Each structure stands twice: as structure tokens, then as C-alpha cells.
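Trainee:
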Amino acid sequence: MATDAATHKTPRERGNDSRLDPLLNWDILKDIMLYCCMEDASRISRTCRTLLQSAPRVLLSGLEDEFQAVALDIHSHLPSFHQFMLSGRHDCFHLLRRLRLSSLRKAHRRRSTPEDDVRTPLVGILQRTTKLEFLGLDDAEILEAEEGERTLLTTLLRMKTLRTLQFENTCGTTFERLRTMEAPLTGIYATFGLHGAHDVLDPVRALAPFRTSLQVLDLFYVMLPHGDVDVVYPQLTSLSVRYCTTLHLQSAVRCFPRLQELRFKLAHWEPGLDQGVIERHREQNAASQKCHTWPSLRRIRSTVIQLYTLAICCKVEYIDACEMPLAATANGRRLAAVLADARPACLALRLQSPGFDLMSLAKWLTPASDGLRALKLHIELVAEHGQDNPLIQINTMLTTFTELHLHCLDMHVEWESGCDHHSQATDSPDGRDPSGQAALEIASPSSCESGMRTIALDAAKLIPTLRFVAIQTSHAGNAKLFEISDGAGGPTTSSDKTLVKLSAESRGFEEFYNSIMYKPWVY
């Protein structure tokens, strides 16, 4: 920080004194602390009294992202953090809202004396927090203590402000021990060990003590029930199950009748799954919907094949099928079936070419063409030997989109080639090849951006309803977002289309990114 003598100098005197460092206001330094690691932020806070007094509020409650938390490594951070919280200089326990603890397994297994037990300082902190809402433990085995050593467990049971728990290495008895918690939990994020490390359990019954309050579940390595289920989660709106051994639609609908977001990834599925198994699962799930449908569902995320087997026959606003790329045109039939079942307004796909024929995509999108308003494509191209530019395929693909009624088109294109792309060049000054197709020259960032603008303009001319185009390539860094203008006055034709490049401050930027496609997933 600047000295008093420096602060009383006139601007001219400061300008003539090259020895003086540039001044930074303390509020700017406070913001800098938010982006520093804990050690560096602590060092900054000790440079002046003002920052030292403001450090607790900045470091403990200045986390804007709901998934951020104060992260403590038990070995590296806990002793100093414990001293900081209990030093008497700060009354800051009410500021600690989100806490994530790591290296618990190592600390728990290496303790040899009572002084080495990490429970003692942890309990000292947790007992004094008055507004802790989120707690993450990277090893839930620390709660599996012997009789007489359950101080940490008892502390958790009495914490009334907790709303979300995040546990790793969870076993079947973990939540059984927590069944008498006083806090109404609204979110649980739990990993039940690596696949095969524990017996796969049914989370619906294991988490039943919290069923009336839970709104979000994010689970790894579990088995959802099959058949009649008498446990209902009436408030649950977001469910993520990854590496799940089964997912039977009828049982899921009964357990989670108000679900709005679903993400699932089945274990031991794809590639190489027997085609007969896929068709039998689809038939069973389709038949079950004669009795039960899922009208509350709004967004779903999985692979095309697993969505095909789920056979959800109700309108879903957003389908994200980017979990695994479509690498074979044969799966286009399954994509069309999924779109016919769910009729989404927004769709995200990941494609691999030449395995998947990009020219066939529009045909498979036909079942949803009337209602599809936003399309997000992540395209992985492998350029064939001697091909001038792989992105010519993108322009060719766009010529098949004329019957779609898209408002937003977002394309992320990346490619691999044995050719030296940096030696490629086109003869046309507007970035087109002699045949008139858009070619993306990647010799420099400026020419790359020009090529992306050319492709965006072609998309605007080929798709009459298009309002926004976003393009990103593996060679150009950040995405370029364009708003489409019809020109000034009078009726327009496709040749009148112009592009307006949008920035974060542009009028249409917020409108584009606030569409349902870009709302963050809860989990």
C-alpha cells in the first residue's frame, strides 16, 4: 500500500516520480482476493488493516457461484483455518456458508494419537457456525466412527441450517446414520464408491428419510428400483444418476412425479450392446407409459441410444445428447425416434464425421422440425487426405437446413488432419472456395474470424427464421456470436441478410444466452 507521503503528492508530482508504484484502491484489492488461492488471498489481507478486517467477509461469503465453496485440504489448510476462525480478531462464523473438506481419508487413516484426529478441529468449527448451508466431505467414512467417537456425526445431526450435503466414498449406512438430522436437506450429491467397490444400492430407499424435502439429487454408481415402489419424492425437480445399473421409466415416474430435469448414464452400455436388448428395453418403457406419463419433465440429458431405450413419450423442451458422439449414420434412425417421442424445442448434439454423414442430419431432424427452435452442434471432423478445408462440409450441411424453423444455431467445430492446415489458402478474397462454398482459412486469427462470419452469413441466408448464429472452432478460441438483421425498410429476401456481431454488452447477447438451452443444469 502507498505511504502517507505518497498520497499527499499532486498528480504532477506523482507523474515525475518514477520510483512510486501505481496505486490500487483497497476495494480493487478485495476483488483480486476473490480470484486468488487461499494462501495468496491471506497474504494480500495482511498488507493493510483495512484488507485484514474485510478478509473474512470476502473469503468466506464472497462466493457468487452456488457450486463454489471454501475448500480446505485437511493437511494444508485446516490448522491455519482453525486458528484464523478462533483467533478472536474476527467474529466471522456467521459468514461461513459453504465448506468443502478434502484429504479426509488420508488424515483419518493416518491418525495415531488423539492430537492427530481431524475431528477435534472440525467439530470446533462446525459447532460455532450458525449459517452453514453446504458441506462437502471427500470421504464419508469419517462418519463411520466407533462408539464414543461420534462427535462429528452428532454435530452434523444438530446443524439446523444445512441444506446440501456432498459426500464421496459413501456406503449404505452413511445416510442411515443421518436419518435423524434436524436440517431439512434440499440437495444431496453422493458417490457410492467406484463401481464394484461396494454393493450397488437403491438410493430411493436409502435416502427415504429426506424424501419430503429433497429437491436435487446427483448420484454415482447406484441402482434405481424396478417394479412397485412405495417411496415418493414429491418435491424433487432435478435428478442426475450416472453409472446407474438400471433405469425403468415406470418406477422412476412413480418415485419422482414432479421431476423437471433428468440426466442419466447407464453402466455397461455402449458400445457393443446387443441390439435386441436395446429394442426390448424400449418396448417395455413405451408400454409402461400407457399407465403413467411424465408431463412435468422439461430437460433431459443422456446419449442418443439411452434416450432411445427410455422412450419418453411426452413433450420435453430441451434434449442434450452430447454425452457420447453420434459416430454412425445408422444411429440417425434412433435420433429421429427420440425426437418424434419428445418433440423438443431445443436440441444439443455431438457428431463425428466422416462416421456420421452430416448431409443426413436434416432428414433425422424432420420429426421435430416444426417445433425445433434452437440447435447446438458439436462437430468433430476428420479431414480426408487432399481435402482443401474440412469446414466446407459445414456449409454443405447448412444447405440441407432450409426446411428447419430455427431461431438459434450454435456450432462448435473441431477437426483433425494429417495435412498442414497452415499452408492452405483460398483464392477468393471473401473466404470462399472456387465452387462458392464457404471455406474457413485458419492461417491466422483474423482470417479465421472472417471465415466464421462467412459461414454465419450463409446460415442466415439458408434458414429464413434464424435470428442468432454462434460459431466456435478449435483454432479460433472464443465463440463468435452474431445477430441477424434483415436490413433497412421494406420486404427482404435472403440476399438482404446482414450480421451484427454481439458482445457481452450487446442488446441481444442476454436474450440469446437466457434461452432454455443455456440455463445451467442444477447438478
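Add 7 to a position in the sequence shown, counting from 1, and you land on the number used in this note's numbering.
Every residue, glycine too, gets a C-beta built ideally from N, C-alpha and C.
The structure presented is a predicted model; accordingly, all values stated were derived computationally and were not measured.
(1) In terms of residues, what are the limits of the alpha helix (DSSP H) holding residue 288?
(2) If you drop the 5 nearest sequence neighbours on each side, which residues of the same chain put their C-beta closer than 6 Å to that of residue 480?
(3) Determine the DSSP secondary structure at residue 60, reduced to helix, strand or coil.
(4) Provide the residue(s) that pair with residue 558 in DSSP beta bridges, ordered along the chain.
(5) So for residue 143, helix, strand or coil by DSSP?
(6) Assuming residue 145 contacts residue 175 under a Cβ cut-off of 8 Å, what Cβ separation, rounded to an integer in Å, is found between them?
(7) Just the C-alpha distance for residue 409 and residue 362, rounded to the nearest angstrom, thanks.
(8) If you count every other CB in all the chains shown that lies within 10 Å of the CB of residue 360, and 16 or more means buried, which is it?
(9) Please report the straight-line C-alpha distance between residue 167 and residue 249, rounded to a whole angstrom.
(10) Can we say the segment 379–387 touches the segment 348–360, given the rule of at least three CB pairs closer than 8 Å?
(11) Rounded to a whole number of angstroms, what is the C-alpha to C-alpha distance between residue 160 and residue 128?
(12) Do the CB positions of residue 328 and residue 316 come within less than 8 Å of each other?
(13) Here's the rule I'm using: 16 or more other beta-carbon atoms within 10 Å means buried, otherwise exposed. How should residue 485 be labelled?
(14) Which residues in the same chain as residue 17 place their Cβ atom closer than 6 Å to its Cβ, once the five residues preceding and following it in sequence are excluded?
(15) Taking all protein chains shown into account, decide if residue 319 is buried (16 or more other Cβ within 10 angstroms of its Cβ) or exposed.
(16) Can you list, in chain order, the residues of its chain whose CB lies under 8 Å from that of residue 300, leaving out five sequence neighbours each side?
(17) For residue 371, name the three-state secondary structure that DSSP assigns.
(18) Note down the Cα distance separating residue 256 from residue 353, rounded to an integer number of angstroms.
(19) Can you find the residues in the same chain that come closer than 8 Å, C-beta to C-beta, to residue 208, ignoring five residues on each side of it along the sequence?
(20) From what residue to what residue does the alpha helix (DSSP H) around residue 308 run?
(21) Taking residue 401 as the reference, which of 40, 251 and 461 has the closest Cα?
(22) Closest to residue 292 by CA distance: which of 258, 268 and 267 is it?
(23) Return the CA-CA distance between residue 158 and residue 186, expressed in angstroms with no decimal places.
(24) Considering only DSSP beta bridges, list what residue 171 is partnered with.
(25) Spell out the partners DSSP gives residue 478 in its beta bridges.
(26) Considering only the beta carbon of each residue, do residue 245 and residue 222 sit closer than 8 Å?
(27) Whole angstroms is fine: what's the gap from residue 163's alpha carbon to residue 188's?
(28) Return the residue from the list 169, 133, 170 and 177 that minimises the CA-CA distance to residue 150.
(29) Have a look at the DSSP bridge pairing and note the partners of residue 109.
(30) Pick helix, strand or coil for residue 382, following the three-state DSSP scheme.
Mentor: In terms of the structure at hand:
(1) For the purposes of this step, residue 288 is identified with residue 281 of the sequence shown, where counting begins at 1. In the DSSP annotation of this structure, the continuous segment of the alpha helix (DSSP H) that includes residue 288 starts and ends at 282–295.
(2) As a working mapping, residue 480 is identified with position 473 in the sequence shown. Correct list, in chain order: 420.
(3) Sequence index remark: in the sequence shown, residue 60 carries index 53 (1-based). The answer is helix: DSSP assigns residue 60 an H, G or I state.
(4) Nothing can be reported for residue 558: it is not among the residues displayed for the chain, which extend from 8 to 530.
(5) Position 136 of the sequence shown, counted from the first residue, corresponds to residue 143. DSSP places residue 143 in strand when its eight states are reduced to three.
(6) The residue labelled residue 145 in the question sits at position 138 within the sequence shown. The residue labelled residue 175 in the question sits at position 168 within the sequence shown. Rounded, the Cβ-Cβ distance is 5 Å, consistent with contact.
(7) Taking the sequence shown and counting its residues from 1, the one referred to as residue 409 is at position 402. Taking the sequence shown and counting its residues from 1, the one referred to as residue 362 is at position 355. Going by C-alpha positions, residue 409 is about 23 Å away from residue 362.
(8) Counted from its first residue, the sequence shown places residue 360 at position 353. Buried is the call here.
(9) Looking up residue 167 in the sequence shown gives position 160. Looking up residue 249 in the sequence shown gives position 242. So the two alpha carbons sit approximately 30 Å from each other.
(10) Contact holds: three or more Cβ-Cβ distances are below 8 Å.
(11) As a position in the sequence shown, residue 160 is number 153, starting the count at 1. As a position in the sequence shown, residue 128 is number 121, starting the count at 1. In a straight line, the C-alpha of residue 160 is about 14 Å away from that of residue 128.
(12) As a position in the sequence shown, residue 328 is number 321, starting the count at 1. As a position in the sequence shown, residue 316 is number 309, starting the count at 1. No.
(13) The count along the sequence shown starts at 1 and reaches residue 485 at position 478. With fewer than 16 neighbouring CB atoms inside 10 Å of its own CB, residue 485 falls in the exposed class.
(14) Translated into positions along the sequence shown, residue 17 becomes position 10. Its pLDDT being 48, under 50, residue 17 is placed unreliably in this model, and the coordinates cannot settle the point.
(15) Start at 1 with the first residue of the sequence shown, and residue 319 comes out as number 312. By the 10 Å Cβ count, residue 319 comes out buried.
(16) Here residue 300 is taken as the residue at index 293 of the sequence shown, counted from 1. By the criterion of a C-beta distance shorter than 8 Å, residue 300 is surrounded in its chain by 260, 320 and 321, once the five residues flanking it on both sides are discounted.
(17) Stepping through the sequence shown from its first residue, residue 371 is reached at position 364. In the structure shown, residue 371 adopts helical secondary structure according to DSSP, grouped into three states.
(18) Locating residue 256 in the sequence shown gives position 249, counting from the first residue. Locating residue 353 in the sequence shown gives position 346, counting from the first residue. The alpha-carbon atoms of residue 256 and residue 353 are separated by roughly 22 Å.
(19) The residue given as residue 208 occupies position 201 in the sequence shown. So the list reads 179, 199, 229 and 230, once near-sequence residues are dropped.
(20) Reading the sequence shown from its first residue, position 301 is the one you call residue 308. Per DSSP, residue 308 belongs to no alpha helix (DSSP H); it is in the beta strand (DSSP E), 306–308.
(21) For the purposes of this step, residue 401 is taken as the residue at position 394 of the sequence shown. If we check each option's Cα against that of residue 401, 461 comes out closest.
(22) Mapped onto the sequence shown, residue 292 falls at position 285. It is 258 whose Cα lies nearest to the Cα of residue 292.
(23) Working through the sequence shown from its first residue, we reach residue 158 at position 151. Working through the sequence shown from its first residue, we reach residue 186 at position 179. Rounded to the nearest angstrom, the two C-alpha atoms are 16 Å apart.
(24) Taking the first residue of the sequence shown as 1, we reach residue 171 at position 164. Residue pairing by DSSP puts residue 171 in a beta bridge opposite 141 and 194.
(25) Start at 1 with the first residue of the sequence shown, and residue 478 comes out as number 471. Residue 478 pairs with 418 and 487.
(26) Within the sequence shown, residue 245 is the residue found at index 238, counting from 1. Within the sequence shown, residue 222 is the residue found at index 215, counting from 1. Against a cut-off of 8 Å, the Cβ pair of residue 222 and residue 245 comes out as a contact.
(27) By one-based count along the sequence shown, residue 163 stands at place 156. By one-based count along the sequence shown, residue 188 stands at place 181. Cα-Cα distance, rounded: 7 Å.
(28) Residue numbering aside, residue 150 sits at position 143 when the sequence shown is read from its first letter. Selected option, being the one with the closest Cα: 177.
(29) In the sequence shown, counting from the first residue as 1, residue 109 sits at position 102. Residue 109 has 80 as its beta-bridge partners, per DSSP.
(30) The sequence position of residue 382 within the sequence shown is 375, counting from 1. Strand.
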